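Here the structure comes first, spelled out in structure tokens, and everything after it is commentary.
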Amino acid sequence: MGASLIGARVERKEDYRFLTGSGQYTDDVALPGQTYAAFVRSPHAHAVIKKIDFQKAKNQEGVLAVYTGADLANAKVGGLPCGWLITDVNGQPMKEPPYPSLAQGKVRHVGERVAVVIAETLAQARDAAELVQVDYEVLPAVVDPKKASSSKPIHDIAPNNTCYVWALGDKAAVDAAFAQAAHVTKLDFVNNRLIPNAIEPRSANAVYSRASQDYTLYVASQNPHVERLLMTAFVLGLPESKVRVVAPDVGGGFGSKIYLYPEDVVVTWASKQLNRAVKWTAERSESFLSDAHGRDHVTTAELALDKDGKFLAMRVKTTANLGAYLSTFSSCIPTILYATLLAGQYTTPVIYCEVTSVFTNTAPVDAYRGAGRPEATYVVERLVETAAREMKLDPVEIRRRNFIRQFPYQTPVALCYDTGNYEATLDAALKMADVGNFNKRKEESAKRGKLRGLGYACYIEACGIAPSNVAGSLGARAGLFEAGEVRVHPTGTVTVFTGSHAHGQGHETTFAQVVADRLGLPMEAVEIVHGDTSKVLFGMGTYGSRSIAVGGTAIVKALDKIVAKGKKIAAHLLEASEADIEYDRGEFRVAGTDKKKMFGEVAFAAYVPHNYPLDKLEPGLNENAFYDPTNFTFPAGSYVCEVEIDRDTGATRVAAFTAVDDFGKIINPMIVEGQVHGGLTQGIGQALTEGCQYDDSGQLLTGSFADYCIPRAGDVPQFQLDTRETPCTHNPLGVKGCGEAGAIGAPAAVMNAITDALGVKDIPMPATAQTIWRSMQKAA
Amino acid sequence: MTVTVSMKVNGKPVSAQVEERTLLVTLIREQLRLTGTHVGCDTAQCGACTVHMNGKAIKSCSIVAMQAEGAEILTIEGVAKPDGTLHPMQAAFKEHHGLQCGFCTPGVVMNALDFAKSHPSPSEQEVRESLEGNLCRCTGYHNIVKSIMAGARTMAGSK
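These protein sequences, in sequence, are chains A and B. Just so we're aligned, residue 105 is where the first sequence starts under the numbering used here, counting upward by one. Just so we're aligned, residue 546 is where the second sequence starts under the numbering used here, counting upward by one.
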């Protein structure tokens, strides 16, 4: 073998099938006897269901069944569980209202499922669904999270529509620090609600076998084992051994495909009732209405500083909109994954954050790329930049005065950062962005009648949420480890099974690089398998940029076991002491000699054990490992954004965007850059174009790509990227994760640049041309 | 009402019974089982369903199958050589990491193939404008732009 595969720009193994149309996404799966489901959805945000008349629909040609909430209740199908129990400021558990798969007597958001029609063809199912008559008694809707606590309850068990009031930090110490401050910067803002919009709509296709009495569910999921666990143990009451969940090629997730959704439950349950395969694929309008949304915080944030710009304390009060029901991980996003990140890259000694999470008549809200951490970064980096402007300090200098420089560093909000070098990424970003010549570019823009602005964001991220026991003590109802299996075949090729899941991240390539590098095998000798509970031993799936740090480490642990067993076999074959065997690049060698056995020879001996220590060692070469990290990983970086605003129209162009990230060790820089490009674009989308809007009656106003603008190619620049490296100290690969960084850091950088250009304290996101134009008219 | 439609798809004559309202994309995916053409939005905005009809890139979700009567249709499955060798545009996407989840990719490639015919050496700006009708949520377009610029040049050079 030649050079190391770690750090190599290896082209992706998965690309051939995607480029030739041979990918297999859930909607591409056609099963024998396939039937199709169409859901009848509520047109009202809040209403009592008085009557459902589906007889006409049922009589249509090709219609096999119509089911409503009553059928699920009679069958004792349970509600969808929430995976994280938050305990409130008074020590009480959060309010957990039932989340039925089909509405039980009441609907609580537009798009909620009221009935399902299953027919021989999709057209028949959709036509018949139009004929289902539902009588509603419409109730007033609660849409604005700030008005939720003073409105009539949506759920009987949650007075004031409050799920919990939760807090983190030392309030008394923070209040005392504010009393001593030379300067206080205060901002009120909304972290705008987003709709994830993976380009592949959600899809589920289930089949039941009477012969083996088991189910197979194909589903567009980021975590098939979690989907199976939640569905079997909490909803359908089935043994896990009787349910196989396959998440084949998945066309993007960004968080929205982590969760167990009602449609998945309904098609799985219905497949047994009908003894037929039942498929449902969302239309895009259904995605807008019923995928879990993201963000939606209303926040007041304050930063206390001394006269030199040193941060003394931070105080944050947030109202988080959870929507109508608790989606799978909704409760932990605005709490555990938000308040804990408020130290950012700085030595702020005391921080207090209070979060009130409320129910409203809107779609459920859960993790979306970054999940809590973009909201935290927005708070910190908007405060820091605003404070610098108010105190007439250079925004770069104020950051330098407050950077954490000693590691490990215990923050006042529970996390302990193991490593980092914030100065290094900032210095590199300043240079790459040519900040020194910004004023020249600003003058040049002014000559063309444009306003140019410069903004920074220095973010911190916490990836690979762990360890399980700590998370458990904070309310997690699941483990946070990852599993891997390395199966060496008799001829020395390797199949690796991982519990993490790829839906665009390129694990089949990156993980193969890790395996091939560690075993000294060619890439072609390594296959990565994921996404099928019947193949992979277990897994928690992919979210929170955890795959390489947690999933990759599980694989490394299994590889270590393979090499350890290989040494025993080689020692026998070479008639040497096991302690004298070294493994290097595909060869087991007796140290200090030229005696060696190739990896393939050892594998062959393990499966054809004619010359083998059978009295001491089992045949075969196959190892599992589970890895539960001891800490989060902490990627960090510095972003510099330049915008140019048209004075006449308010339209903003991102003129340049520079991102210098520290992801620890990087396995495949090409793939990592792609992750950053995508994250930055979603972050720029949040800042400039994306904003979910409901009207006061709870109707979704942004229900198509014409109304909800995810960035198009013309909305973003070519990015300037670089990296700096402080390896993670607590995993063997030294990796930290890179999937969410761009979406975390970009919104603050863009908004800092826009407010700089306009010379205003704040502008709400998304800063559309209209918003900016109105702001300029008001100022003039 | 069902009707018979006949056309050439990827060079092969095909004939199928469809309802009059059946979309071209539905015929391609459900009846011909060519599932490389995807549906991402139902409203002609995302471009995942882009195919060529008589040599021009069209969104196959926005016409009914009957409108393609007698037409020559090219889908992503017909782009590589019969022996499986990637077309230069496909190869450029692989080399420049112009795809991640792969869902928008067939539509983006089909659009790029049509665009490259008239733009042998496109600028970044021209490529970005050509992508107005294709949405990608993974790549931030950065590497799609690089891929199309490179692919177009290779196509022009190999003529």
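Cβ coordinates follow ideal geometry from the N, Cα and C atoms, glycine included. As the structure is a prediction and not an experimental result, all values here were calculated from the model.
Which of helix, strand or coil DSSP assigns to residue 381 of chain A: It is a strand residue.
The stretch 378-390 of chain A in contact with the stretch 179-188 of chain A per 3-pair CB rule at 8 Å: No, the stretch 378-390 of chain A is not in contact with the stretch 179-188 of chain A.
Outcome for residue 552 of chain A when other beta-carbon atoms lying within 10 angstroms are tallied against a minimum of 16: Here residue 552 of chain A is exposed. Its C-beta has fewer than 16 other C-beta atoms within 10 Å.
Residue 632 of chain B beta carbon less than 7 Å from that of residue 822 of chain A: For residue 822 of chain A and residue 632 of chain B, no; Cβs fall outside 7 Å.
Residues of the stretch 292-315 of chain A in Cβ contact with chain B at a cutoff of 9 Å, in chain order, please. Under the 9 Å Cβ criterion, the stretch 292-315 of chain A contributes 300, 301, 302, 303, 304, 305.
Out of A:324, A:630, A:866, which has the shortest C-alpha to C-alpha gap to residue 291 of chain A? If we check each option's Cα against that of residue 291 of chain A, A:866 comes out closest.
Using the three-state DSSP reduction, which class does residue 329 of chain A fall into: helix, strand or coil? In the structure shown, the three-state DSSP call for residue 329 of chain A is helix.
Answer with yes or no whether the minimum CB distance from residue 119 of chain A to chain B is below 7 Å. Put simply, the CB of residue 119 of chain A is near chain B, with a gap under 7 Å to one of its CB atoms.
Where the alpha helix (DSSP H) through residue 885 of chain A begins and ends: Outside the modelled stretch of chain A, which goes from 105 to 884, sits residue 885 of chain A, for which no answer is possible.
If you scan the stretch 181-237 of chain A from start to end, which runs of the beta strand (DSSP E) of 3 or more residues do you find wholly inside it? Taken in chain order, the complete beta strand (DSSP E) segments of 3 residues or longer contained in the stretch 181-237 of chain A are 217-223.
Sort A:476, A:466, A:850, A:609 by Cα distance to residue 765 of chain A and report the nearest one. Looking only at A:476, A:466, A:850, A:609, the smallest Cα-Cα distance to residue 765 of chain A is reached by A:850.
Considering residue 786 of chain A, what are the terminal residues of the alpha helix (DSSP H) in which it resides? 773-792 is the extent of the alpha helix (DSSP H) around residue 786 of chain A.
Where the stretch 595-607 of chain B meets chain A: residues whose CB sits under 9 Å from a CB there: Considering only beta carbons, no part of the stretch 595-607 of chain B lies closer than 9 Å to chain A.
Ordered along the chain, which non-local residues of its own chain (more than five positions away) have a Cβ less than 8 Å from that of residue 603 of chain A? Hits under 8 Å: 329, 586, 587, 588, 634, 640, 641, 642, 643, 644, 645, 655, 658.
Report the residue ranges of all alpha helix (DSSP H) runs contained in full by the stretch 790-827 of chain A; include only those spanning at least 4 residues, in chain order. With a minimum length of 4 residues, no continuous alpha helix (DSSP H) run stays inside the stretch 790-827 of chain A.
Considering only C-alpha positions, which residue in the set A:622, A:318, A:636, A:647 is nearest to residue 665 of chain A? Nearest option by C-alpha distance: A:622.
Return the residue from the list A:613, A:605, A:493, A:485 that minimises the CA-CA distance to residue 562 of chain A. Of the listed residues, the one whose Cα sits closest to residue 562 of chain A is A:485.
Please look up how many angstroms separate the CB atoms of residue 233 of chain A and residue 142 of chain A, rounded, as I've assumed it's under 8 Å. Taking the Cβ atoms as the reference, residue 233 of chain A lies roughly 4 Å from residue 142 of chain A, within the contact range of under 8 Å.
The beta strand (DSSP E) that contains residue 564 of chain B, what's its start and end? Per DSSP, the continuous beta strand (DSSP E) segment holding residue 564 of chain B begins and ends at 557-564.
Residue 250 of chain A by DSSP, collapsed to three states: which one? Residue 250 of chain A falls in the helix class under three-state DSSP.
Assigned secondary structure, residue 663 of chain B (DSSP; H/G/I helix, E/B strand, else coil): The three-state reading of DSSP puts residue 663 of chain B in helix, counting H, G and I together.
Along chain A, in chain order, which residues have C-beta atoms closer than 7 Å to that of residue 553 of chain B? Result: empty, since nearest Cβ-Cβ is about 17 Å, beyond 7 Å.
Taking 8 Å as the cut-off, does the stretch 397-407 of chain A touch the stretch 372-382 of chain A (at least 3 CB pairs, one atom from each stretch)? Three or more beta-carbon pairs separated by less than 8 Å are not found between the stretch 372-382 of chain A and the stretch 397-407 of chain A, which leaves the two stretches without contact.
With 7 Å as the threshold, decide whether the Cβ of residue 797 of chain A is near any Cβ in chain B. No, no contact with chain B.
If you run the structure through DSSP and keep just helix, strand and coil, what is residue 313 of chain A? Strand, per DSSP.
I'd like the span of the beta strand (DSSP E) that includes residue 171 of chain A, first residue to last. Counting along the chain, the beta strand (DSSP E) containing residue 171 of chain A begins and ends at 167-172.
Quick check on the burial criterion: 16 or more other C-beta atoms within 10 angstroms. Buried or exposed for residue 150 of chain A? Residue 150 of chain A is buried by the Cβ-count criterion.
By how many angstroms is the C-alpha of residue 647 of chain B removed from the C-alpha of residue 661 of chain A? The straight-line gap separating the alpha-carbon atoms of residue 661 of chain A and residue 647 of chain B is approximately 31 Å.
Listed in chain order, which residues of the stretch 596-616 of chain A have Cβ atoms closer than 9 Å to some Cβ of chain B? Residues 606, 607, 608, 609, 610.
Please say whether residue 372 of chain A and residue 321 of chain A have beta carbons closer to each other than 7 Å? One thing to note: residue 321 of chain A has its Cβ within 7 Å of the Cβ of residue 372 of chain A.
Can you tell me whether DSSP reads residue 618 of chain B as helix, strand or coil? In the three-state DSSP reduction, residue 618 of chain B falls in the strand class (E or B).
CB-CB under 8 Å to residue 554 of chain A, same chain, minus the five flanking residues each way: which ones, in chain order? Cβ within range, chain order: 748, 749, 750, 751.
Could you tell me whether the Cβ atoms of residue 610 of chain A and residue 393 of chain A are closer together than 7 Å? No, these two residues do not count as a Cβ contact at 7 Å.
Does residue 124 of chain A pass the burial test, meaning 16 or more other C-beta atoms within 10 Å, or should it be called exposed? Residue environment for residue 124 of chain A: buried (at least 16 other C-beta atoms within 10 angstroms of its C-beta).
Pull out every residue of the stretch 796-827 of chain A whose Cβ sits closer than 7 Å to any Cβ of chain B, in chain order. Per Cβ criterion, the list reads 808, 809, 810, 814, 816, 817, 818, 820, 822, 823.
DSSP three-state call for residue 119 of chain A: helix, strand or coil? Assignment of residue 119 of chain A by DSSP, reduced to helix, strand and coil, places it in the helix class.
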